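Residue numbering for the sequence shown is 1 to 546, as defined by the UniProt record's numbering. Ideal placement from N, C-alpha and C gives every residue a C-beta, glycine not left out. All values reported here derive from a predicted model rather than from experimental measurement.
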Amino acid sequence: MTTPNIPLPSVFPEYRSTVNENDKDYRQNVEDWKGILQQFEEKAAWAGGEGESRHIERHHARGMLSARDRIAMLLDEGSPFLELMPFAGIGVKESSPAASLIVGIGLVCGIKVMLIANIPTIVGGALNELTVRKQHRASEISLENRLPIIFLNQCAGANLPQQFRVFHQSGKLFRDIIRRSDAGSPTCTIVFGSSTAGGAYEPGVSEFSILVKSQAQMFLGGPPLVQMATSEISSAEELGGAEMHTTVSGVGDALAADEFDACRLARSWVQSINRENLHIDRTLDHVEAPLYSSDSMLGLISENVRMPLNMPEVIARIVDGSRFEPFKPLYGTGMLCCWARIHGRLVGIIGNMSSVIFVNEARKATQFIHLNNAYGTPIVYLHNVTGFMVGKKSESEGMIKAGSLLIDAVSRSSVPQISIVCGSSYGAGNYAMCGRSYSPRFLFSWPHSRCAVMGPEQLSGVMEIIARQAAERSGRGMDEAKLAASTAKTTEQIETESKAYYTSAWCLDDGIIDPRDTRDVLGMCLEVCENSPYKGLKGYRGVSRL
Numbered sequence: 001m002t003t004p005n006i007p008l009p010s011v012f013p014e015y016r017s018t019v020n021e022n023d024k025d026y027r028q029n030v031e032d033w034k035g036i037l038q039q040f041e042e043k044a045a046w047a048g049g050e051g052e053s054r055h056i057e058r059h060h061a062r063g064m065l066s067a068r069d070r071i072a073m074l075l076d077e078g079s080p081f082l083e084l085m086p087f088a089g090i091g092v093k094e095s096s097p098a099a100s101l102i103v104g105i106g107l108v109c110g111i112k113v114m115l116i117a118n119i120p121t122i123v124g125g126a127l128n129e130l131t132v133r134k135q136h137r138a139s140e141i142s143l144e145n146r147l148p149i150i151f152l153n154q155c156a157g158a159n160l161p162q163q164f165r166v167f168h169q170s171g172k173l174f175r176d177i178i179r180r181s182d183a184g185s186p187t188c189t190i191v192f193g194s195s196t197a198g199g200a201y202e203p204g205v206s207e208f209s210i211l212v213k214s215q216a217q218m219f220l221g222g223p224p225l226v227q228m229a230t231s232e233i234s235s236a237e238e239l240g241g242a243e244m245h246t247t248v249s250g251v252g253d254a255l256a257a258d259e260f261d262a263c264r265l266a267r268s269w270v271q272s273i274n275r276e277n278l279h280i281d282r283t284l285d286h287v288e289a290p291l292y293s294s295d296s297m298l299g300l301i302s303e304n305v306r307m308p309l310n311m312p313e314v315i316a317r318i319v320d321g322s323r324f325e326p327f328k329p330l331y332g333t334g335m336l337c338c339w340a341r342i343h344g345r346l347v348g349i350i351g352n353m354s355s356v357i358f359v360n361e362a363r364k365a366t367q368f369i370h371l372n373n374a375y376g377t378p379i380v381y382l383h384n385v386t387g388f389m390v391g392k393k394s395e396s397e398g399m400i401k402a403g404s405l406l407i408d409a410v411s412r413s414s415v416p417q418i419s420i421v422c423g424s425s426y427g428a429g430n431y432a433m434c435g436r437s438y439s440p441r442f443l444f445s446w447p448h449s450r451c452a453v454m455g456p457e458q459l460s461g462v463m464e465i466i467a468r469q470a471a472e473r474s475g476r477g478m479d480e481a482k483l484a485a486s487t488a489k490t491t492e493q494i495e496t497e498s499k500a501y502y503t504s505a506w507c508l509d510d511g512i513i514d515p516r517d518t519r520d521v522l523g524m525c526l527e528v529c530e531n532s533p534y535k536g537l538k539g540y541r542g543v544s545r546l
């Protein structure tokens with residue numbers, strides 16, 4: 001008899017929303033988000049493209065499926081697919097949609113698997129600088145969460161005009177496959193078409209490689225290079241065809257009759273992985289939905305990231321039953337810390353009520369991180385922070401010490417940490433909220449969010465003060481026109497570089513998400529984190545109050 005996976009009944013109190021949906025600001029926010037989400041959908045459509053129609057038609061004429069169709073064939077029916085870094089390369093002149101690579105987590109034979117697919121209809125699937133960055137990050141996620149990987153390989157090798165930026169980093173991709181194998185994260189590669197140079201090493205260092213008959217070709221140097229280097233003339237099939245590699249060289253482990261058969265073989269490989277924790281069904285039944293609709297989230301979020309977020313209202317639209325238990329609610333009130341469940345899984349949540357972190361807020365968050373490590377509870381960070389408080393009063397109260405202890409706690413934390421950039425995430429505040437530098441298991445951004453060393457106006461203002469002080473010290477006059485032009489240029493640059501689409505283009509988050517999808521994204525990430533056993537640090541047991 002199978003026992004259903006039912007989460008324990010929650011004793012956390014229900015949060016009663018005080019939001020008035022007829023409020024002027026609420027209605028204005030809803031209206032503003034129509035434009036934000038339209039832009040989001042337009043950019044998502046670009047990122048989801050697979051090249052020019054003529055290239056796609058030529059690809060299909062050869063009897064080959066698109067990269068997304070190949071992924072769909074591998075996934076279980078009805079499986080979710082959490083696509084990661086889909087906006088990689090957006091707005092970057094020398095890159096391509098999704099950086100010519102699709103990366104995501106889905107279910108294959110009931111097991112969570114990382115799927116990495118070259119997009120052969122965009123520059124032959126060649127690797128550019130951001131392709132390498134994206135694949136490195138996918139590898140990191142797989143290693144941390146002990147996910148098997150299936151590569152859907154059809155790659156023209158490095159984008160040669162970018163060889164300097166690709167070559168010096170891409171070698172680690174093969175090292176990563178080997179190290180992941182040692183750590184229990186195995187790899188299977190399906191070769192669907194031509195796989196040249198570095199692309200040929202991918203199946204070479206994988207535990208299992210599948211080659212599609214009459215399509216797959218692997219060689220370190222193609223026929224033109226071989227002819228130039230050795231004067232030898234050979235066809236691509238003779239040099240590195242699927243049948244040669246599965247019957248003579250032994251590089252291929254299985255010869256697939258076609259692409260459908262290749263996906264069947266890969267699914268069989270997943271089932272052959274004999275690791276107990278991979279096969280545990282962690283789907284929790286009878287999970288409480290939030291009391292408030294995800295659509296109502298949009299009315300809470302101002303387009304202006306300088307506006308504070310009503311974190312209790314936001315959290316009430318993310319957690320099970322809109323239930324959560326605040327920690328130290330009367331102390332350090334600019335930081336909301338609470339326990340709740342998301343899709344049945346217990347989490348600690350830290351959210352910025354005030355955009356500035358004061359001494360008491362830092363102490364409170366530090367203690368909360370210590371407690372969650374003592375209990376082995378994952379932590380979710382909801383960013384809307386401009387940094388730590390500055391000034392004489394703050395310095396004398398020990399802001400540096402309190403901030404350092406908070407950053408120390410984030411750095412030492414060994415439970416899974418997941419970050420959502422909900423508004424602004426500036427300076428050391430980003431560090432304190434487990435930004436990219438602090439290696440959260442996952443990090444996602446809302447479309448309107450900003451991330452930088454500080455806000456554009458603040459940074460350009462600081463630069464202006466420094467310029468005026470330098471001019472005064474040197475005794476020379478200040479060229480006001482030149483200073484105004486420099487200030488405007490700096491403001492524009494930081495405004496551009498701090499936008500979510502810019503940071504996402506450079507793989508500094510794991511994707512931009514619609515705020516209404518936050519609950520489901522967090523739920524899947526928490527389930528993925530369970531794939532790799534974790535517990536808090538021993539040193540955090542006992543009294544952690546500061």
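Residues bridged to residue i [DSSP beta-bridge criterion]
{"i": "Gly348", "result": "Trp339, Ile379"}
{"i": "Glu14", "result": "Arg323"}
{"i": "Arg270", "result": "The question names Arg, but residue 270 in the sequence shown is Val. Val270 pairs with nothing; no bridge assigned."}
{"i": "Ala254", "result": "Ile210"}
{"i": "Gln357", "result": "Note on residue identity: the sequence assigns Ile, not Gln, to residue 357. Ile357 pairs with Phe388."}
{"i": "Tyr426", "result": "Ala452"}
{"i": "Ala409", "result": "Looking at the DSSP assignment, Ala409 forms no beta bridge with any residue, so it has no partner."}
{"i": "Ala158", "result": "Leu127"}
Within 8 Å, strictly: CB atoms of residue i and residue j
{"i": "Tyr438", "j": "Val385", "result": "no"}
{"i": "Ile420", "j": "Phe444", "result": "yes"}
{"i": "Leu74", "j": "Gly104", "result": "no"}
{"i": "Cys507", "j": "Ala88", "result": "yes"}
{"i": "Arg519", "j": "Pro290", "result": "yes"}
{"i": "Gly536", "j": "Gly376", "result": "yes"}
{"i": "Arg516", "j": "Met218", "result": "no"}
{"i": "Thr496", "j": "Glu464", "result": "no"}
{"i": "Ile315", "j": "Cys337", "result": "no"}
{"i": "Ile177", "j": "Ser195", "result": "no"}
{"i": "Thr131", "j": "Ile56", "result": "no"}
{"i": "Ser532", "j": "Glu144", "result": "yes"}
{"i": "His343", "j": "Val287", "result": "yes"}
{"i": "Pro86", "j": "Gly48", "result": "yes"}
{"i": "His136", "j": "Glu303", "result": "no"}
{"i": "Val347", "j": "Pro378", "result": "yes"}
{"i": "Asn29", "j": "Leu300", "result": "yes"}
{"i": "Arg70", "j": "Phe192", "result": "yes"}
{"i": "Arg317", "j": "Tyr292", "result": "yes"}
{"i": "Asn128", "j": "Ser170", "result": "no"}
{"i": "Ala505", "j": "Val92", "result": "yes"}
{"i": "Ser460", "j": "Thr490", "result": "yes"}
Between the CA atoms of residue j and residue i - distance to the nearest angstrom
{"i": "Met1", "j": "Cys109", "result": "Bear in mind that a pLDDT of 46 at Met1, under 50, signals an unreliable position, so the model cannot answer this."}
{"i": "Thr187", "j": "Asn430", "result": "34 Å"}
{"i": "Asn22", "j": "His168", "result": "56 Å"}
{"i": "Asp510", "j": "Ile141", "result": "10 Å"}
{"i": "residue 548", "j": "Met353", "result": "Only positions 1 to 546 of the chain appear in the structure, and residue 548 is not among them; the question remains open."}
{"i": "Ser414", "j": "Ile349", "result": "15 Å"}
{"i": "Cys422", "j": "Met433", "result": "12 Å"}
{"i": "Tyr501", "j": "Glu259", "result": "35 Å"}
{"i": "Gln163", "j": "Leu173", "result": "15 Å"}
{"i": "Asp295", "j": "Glu530", "result": "29 Å"}
{"i": "Gly125", "j": "Gly184", "result": "28 Å"}
{"i": "Glu527", "j": "Ala229", "result": "51 Å"}
{"i": "Ala262", "j": "Thr18", "result": "55 Å"}
{"i": "Arg133", "j": "Ile233", "result": "36 Å"}
{"i": "Ile119", "j": "Gln39", "result": "24 Å"}
{"i": "Leu405", "j": "Met399", "result": "10 Å"}
{"i": "Ala402", "j": "Pro148", "result": "40 Å"}
{"i": "Lys482", "j": "Ala467", "result": "11 Å"}
{"i": "Met307", "j": "Asp25", "result": "11 Å"}
So, does the region 138-156 touch the region 184-203, judging by three or more C-beta pairs under 8 Å? yes
Contact between the region 25-39 and the region 214-229 (3+ Cβ pairs under 8 Å): no
Segments of 4+ residues assigned as alpha helix (DSSP H) that fall wholly inside the region 439-481: 456-474
Touch test, the region 235-243 against the region 213-220, Cβ-Cβ under 8 Å, three pairs minimum: yes
Unbroken stretches of the beta strand (DSSP E), 3 residues or longer, contained in the region 100-156: 101-108, 111-118, 149-155
Inter-stretch contact at 8 Å, needing at least 3 Cβ pairs: the region 405-419 / the region 471-481: Contact annotation: the region 405-419 does not touch the region 471-481, with fewer than three C-beta pairs closer than 8 Å.
Taking 8 Å as the threshold, find out whether the region 322-329 comes into contact with the region 392-400 through three or more Cβ pairs. Verdict: no, contact absent.
Give a yes or no on contact between the region 359-378 and the region 332-351, applying the rule of three or more CB pairs nearer than 8 Å. The region 359-378 is in contact with the region 332-351.
Please give the ranges of any alpha helix (DSSP H) in the region 58-95, keeping only runs that are unbroken, at least 4 residues long and fully inside the region. 67-74
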